[in-house]
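Input: a single structure, listed below in structure tokens.
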Amino acid sequence: MQVPAHFEYQRATSVEHAIALLTRHGPETRVVAGGHSLIPMMKLRLAQPEMLIDINDLGELAGITVAPGVLRLGAMVRHADLLGSAQVGALLPVLHDAERVIADPVVRNRGTIGGSVCQADPSEDLAGAFCALRAVAVIRGADGDRAVPMREFFTGPYETVVGPAEVLVELRVPLWSAGSAYLKVDRRSGDWAVAAAAAAVATGPGGVVTEVGIGLTAVGRFLAEEAEDFLRGRAATEANLVEAGRVAAQHCRPTADQRGPVDYKRHLAGELTTRALRLAVERAA
Amino acid sequence: MVVNGREHTREIEPRLLLVHLLRDELGLTGTHWGCDTSNCGACVVWMDDVPVKSCTVLAAMASGRRVRTVEGLEGPFGLDQVQRSFALCHGLQCGFCTPAMLLTSRWLLDHNPDPSEGEIRSALSGITCRCTGYENIVRAVRHAARSEAGS
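As they're listed, the protein sequences go chains A and B. Using numbering that gives the first Met the number 0, you'd call the opening residue of the first sequence number 0 and step up by one each time. Using numbering that gives the first Met the number 0, you'd call the opening residue of the second sequence number 0 and step up by one each time.
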């Protein structure tokens with residue numbers, strides 16, 4: 000039987016209450032949202048927090064709101080709710096593509112988008128998608144809110160900029176893209192990615208790519224800025240999309256593991272980048 | 000916690016998982032304890048009307064909430080239609096995944112009364128049938144949908 004080590008448990012009644020509890024109980028305290036990353040890690044004793052702050056009662060963090068030019072997603076939005084929002088699917092299909100391949104429907108009923116990005120697993124699907132979209136994380140602490148671009152949110156595997164007495168409250172996704180997509184290769188349905196790519200594009204007259212975002216999953220880094228720099232300002236031709244994929248593959252940093260060797264993952268990163276870009280351009284038309 | 004309409008009060012350790020509270024404290028052993036890693040789905044119960052994997056929910060997190068287990072599927076007029084259809088269509092062999100399949104199917108039909116085969120397979124994809132009896136499980140869910148449409 001897998002049982003977590005002893006810990007104390009308290010429910011937060013507001014974000015401010017959660018921050019006060021985190022401040023009072025110190026760095027061995029963790030916030031638990033859906034718990035579908037943290038609780039398995041606690042069962043394996045890979046994580047042994049002394050105290051858990053349960054934020055599931057904070058309905059204020061569960062909203063999906065479309066404001067002019069920006070989609071606002073509360074950190075406690077469940078995967079199932081994001082996938083269930085027709086508005087999100089129409090505005091940012093990349094998020095629905097990614098959600099459809101995260102675990103399975105029952106897990107998605109419980110897991111949250113904030114929990115996923117704070118877990119910062121290098122194979123997690125939403126990180127690359129939010130990086131491609133240039134989303135911004137809103138992090139609250141005792142001194143108020145700060146906004147951090149998702150491209151600067153991850154500081155390493157399982158590490159983020161969220162401090163020990165801070166809570167991620169919202170993801171703000173700017174609505175600049177006209178088309179977007181996420182494609183993943185996994186060994187079986189709902190598994191972690193062998194590799195995956197997210198793409199978002201905006202196009203202008205003559206099919207020129209005026210802005211592009213590319214995010215990668217499970218290949219060492221979530222960003223592919225070199226491929227973005229190549230494609231920005233060029234026409235969305237097949238040759239250019241293939242070349243952008245080649246550049247992304249060249250600059251990613253996969254490691255060999257039970258999911259595959261480096262050259263296979265690098266090949267996937269390139270091919271999936273090209274295909275995601277192709278689909279994003281199609282959807283932008 | 001209200002389980003199958005009945006209120007229960009317990010002093011528990013924060014680290015107790017919901018699946019063990021249900022099985023060991025409340026004696027509701029219809030909820031099965033399988034892989035312990037939220038993969039196999041044998042432990043699915045409803046919490047506040049949504050299917051969840053109870054091996055990955057702390058019992059403390061379910062405090063004050065409504066839980067429904069397979070023991071609560073039966074209604075005042077006997078077995079639920081999904082239970083009858085699983086029996087009629089041979090939707091179970093060893094029975095280990097059956098409570099989770101039943102609860103997830105019930106939730107699916109409550110939200111989508113006429114699901115396609117693809118929608119059924121997708122909805123049940125978080126639950127593993129070790130007997131690989133998926134054909135009959137899908138057939139049973141379709142049977143339940145048809146029976147409820149006709150009644």
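In this text, a Cβ means the ideal position worked out from N, Cα and C, and glycines have one as well.
Exercise. Apply the 10 Å Cβ neighbour rule to A/E123 and answer buried if 16 or more other Cβ atoms are within range, or exposed otherwise.
Key: buried
Quiz item: What residue range is occupied by the uninterrupted alpha helix (DSSP H) comprising A/L278?
Solution: V261 to A283
Exercise. Just tell me which of A/A195, A/A279, A/Y157 and A/A134 has its CA closest to the CA of A/G178.
Key: A/A279
Quiz item: Per the contact definition of three or more C-beta pairs closer than 8 Å, is the stretch 124-131 of chain A in contact with the stretch 133-147 of chain B?
Solution: no
Exercise. Report yes if the CB atom of B/L87 is closer than 9 Å to the CB atom of B/A139, and no otherwise.
Key: yes
Quiz item: Quick one: which chain B residues come within Cβ less than 8 Å of A/Y8?
Solution: P13, L57 and A59
Quiz item: Which two residues bound the contiguous alpha helix (DSSP H) that contains B/Y133?
Solution: Y133 to G149
Quiz prompt | A/S73, enclosing beta strand (DSSP E) - first and last residue | solution = It is Gly, not Ser, that sits at residue 73 of chain A in the sequence shown. Segment V69 to G73, the beta strand (DSSP E) holding A/G73.
Quiz prompt | Entirely enclosed beta strand (DSSP E) segments - the stretch 191-234 of chain A, minimum 3 residues | solution = 192-202 and 208-216
Quiz item: Nearest to B/C39 by CA position, among B/D113, B/V2, B/M100 and B/V137, is which residue?
Solution: B/M100
Exercise. Can you check DSSP and say which residues form a bridge with A/G178?
Key: A/V200
Practice problem: Could you run through the stretch 95-122 of chain B and flag, in chain order, every residue whose CB is less than 8 Å away from some CB of chain A? | Solution: T103, S121 and A122
Self-check item: Local conformation of A/F6 per DSSP, three classes
Solution: coil
Self-check item: Local conformation of A/A66 per DSSP, three classes
Solution: strand
Practice problem: Classify A/M0 as buried or exposed, calling it buried when 16 or more other Cβ atoms lie within 10 Å of its own Cβ. | Solution: exposed
Quiz item: With C-beta atoms as the reference, is A/D185 less than 9 Å away from A/V100?
Solution: yes
Quiz item: Once you ignore the five residues that flank A/R107 on each side, which residues in its own chain have a CB closer than 8 Å to its CB?
Solution: R77, H78, A79, L82, E98 and I101
Quiz item: For B/T28, which residues in chain A fall below 7 Å Cβ to Cβ?
Solution: The contacting residues do not exist; B/T28 stays about 15 Å from chain A at best.
Quiz item: Pick from B/W106, B/L27, B/A59 and B/F95: whose alpha carbon is nearest that of A/G34?
Solution: B/A59
Quiz item: Quick one: which chain A residues come within Cβ less than 8 Å of B/G125?
Solution: A102, D103, P104, V105, V106 and G189
Quiz item: Looking at the unbroken beta strand (DSSP E) that takes in A/D53, where does it start and where does it end?
Solution: M50 to D53
Quiz prompt | Element boundaries [beta strand (DSSP E), containing A/F129] | solution = Element bounds for A/F129: not the beta strand (DSSP E) but the alpha helix (DSSP H), D124 to A131.
Quiz item: the stretch 22-42 of chain A: which residues have C-beta closer than 9 Å to a C-beta of chain B, in chain order?
Solution: V31, G33, G34, H35, I38, P39, M41 and K42
Quiz item: CB A/A234 to CB A/T272, shorter than 9 Å?
Solution: no
Quiz prompt | Cutoff 7 Å; reference A/L94; Cβ partners in own chain excluding five residues on either side | solution = L81, V87 and A128
Exercise. Leaving aside the five residues before and after B/L25 along the sequence, list all residues of the same chain whose C-beta is less than 8 Å from its C-beta, in chain order.
Key: V2 and H7
Quiz item: In its own chain, which residues sit with a C-beta less than 6 Å from the C-beta of A/D144, not counting the 5 before and 5 after it?
Solution: V137
Quiz prompt | N-terminal and C-terminal residue of the alpha helix (DSSP H) that A/E15 is part of | solution = V14 to H24
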